[in-house]
Amino acid sequence: MKIDRPKLHRLYRLLVNWIYPNICPCCEQFIDHNADFCEKCSAKITPYTGENDFIENVDRFAACCVYDENIEGAVLKFKKTACGNSYYAFALRIYKKLKELGLDESIDLIVPIPLTRKKFRRRGYNQTALMANELRYMLDRGFEDVLIKVKETKEQKTLSEYERRENLRGVFEISPNASDITGKRILLIDDVCTTGSTLSEAAGILKAAGAETVIAAAFAKTVKAIPHK
Ligand SMILES: [Zn+2]
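Under this note's numbering, the sequence shown is numbered contiguously, ending at residue 288.
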């Protein structure tokens, strides 16, 4: 009998909800165990309607919402603590967006944008890996830390487009423990996309290692000149 992983995961969430009730990532009100945001905060989120094919090496880009003051707090909290519902909520939004764009069936493996080992130790978790892990249950696909980040990057926000690319050159490598990704259709996950340079660099490494296609998905996309913190 084939295990229905998405169903099993919903059941798991229902049980966990008895001990850790689900909260809205923006206002921290209690919400239904399978909800992403409360209705009030959800109504304030600006859907991303921009381009989906502007990132080099990326076959298709999907973002759920615009990075603005309505979700900034939730994203910043998410980078500071792994507690709460953010990673589930952000992953659920990405799942819905992939369905909407008809991309959910074109994925074999889910790969998160990695942190350097130093940053991971300091933070204690990789927020994009938490999102990717939730998506594995929603999409019922594999999840693997295929990429590693081998050097720290300068703060991207002060750099020009050209400087961003230079800053990112050589920061990602295929993990020595990664399985063969030849011919695989990859879903690359990030929390916030600013110019797409990070996703482009990571997708380039995946393609060079044999990935057939790379769909990149971020919870939020900046649209203003001022990138996220
Ligand atoms: Zn709320």
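For glycine and all other residues, C-beta sits at the position ideal for the given N, C-alpha and C.
As the structure is a prediction and not an experimental result, all values here were calculated from the model.
Residue span of the beta strand (DSSP E) that contains residue i, given as start and end
i	result
Phe278	272-280
Pro171	168-171
Val134	It is not in any beta strand (DSSP E) - Val134 instead sits in the alpha helix (DSSP H) that spans 128-139.
Phe120	119-125
Residue i CB to nearest heavy atom of ligand 1 below 7 Å
i	result
Gln88	yes
Lys299	Summary: the structure shown does not reach residue 299, with the chain confined to residues 60 through 288, and so no result is reported for it.
Cys85	yes
Phe137	no
Phe278	no
Phe231	no
Phe96	yes
Helix, strand or coil at residue i according to DSSP, with G and I counted as helix
i	result
Pro286	At Pro286 the pLDDT is 48, less than 50, meaning the model places this residue with poor confidence and gives no usable figure here.
Thr175	strand
Cys100	helix
Lys208	strand
Ile233	strand
Leu70	helix
Ile248	strand
Pro106	strand
Ile82	strand
Lys216	helix
Leu227	helix
Where the alpha helix (DSSP H) through residue i begins and ends
i	result
Leu189	186-198
Ile264	256-267
Phe149	145-159
Cβ of residue i within 8 Å of any chain C Cβ
i	result
Arg176	Absent here is chain C; the protein component of the structure consists of one chain.
Strand pairing of residue i, partner residues [DSSP]
i	result
Gly201	Leu168
Phe89	Ile82
Checklist entry - Counting pairs of Cβ atoms below 8 Å between the segment 79-89 and the segment 130-139, do you hit three or more? => result yes
Checklist entry - Okay, do the segment 217-233 and the segment 184-193 touch, 3+ Cβ pairs below 8 Å being the bar? => result no
Next on the checklist: I want to know whether the segment 236-246 touches the segment 269-285 - three or more CB-CB distances under 8 Å.
Outcome noted: yes
Checklist entry - Pairing CB atoms from the segment 171-178 with CB atoms from the segment 103-121, are three or more of them under 8 Å? => result no
Checklist entry - Is the segment 210-220 touching the segment 150-157, taking contact as three or more C-beta pairs under 8 Å? => result no
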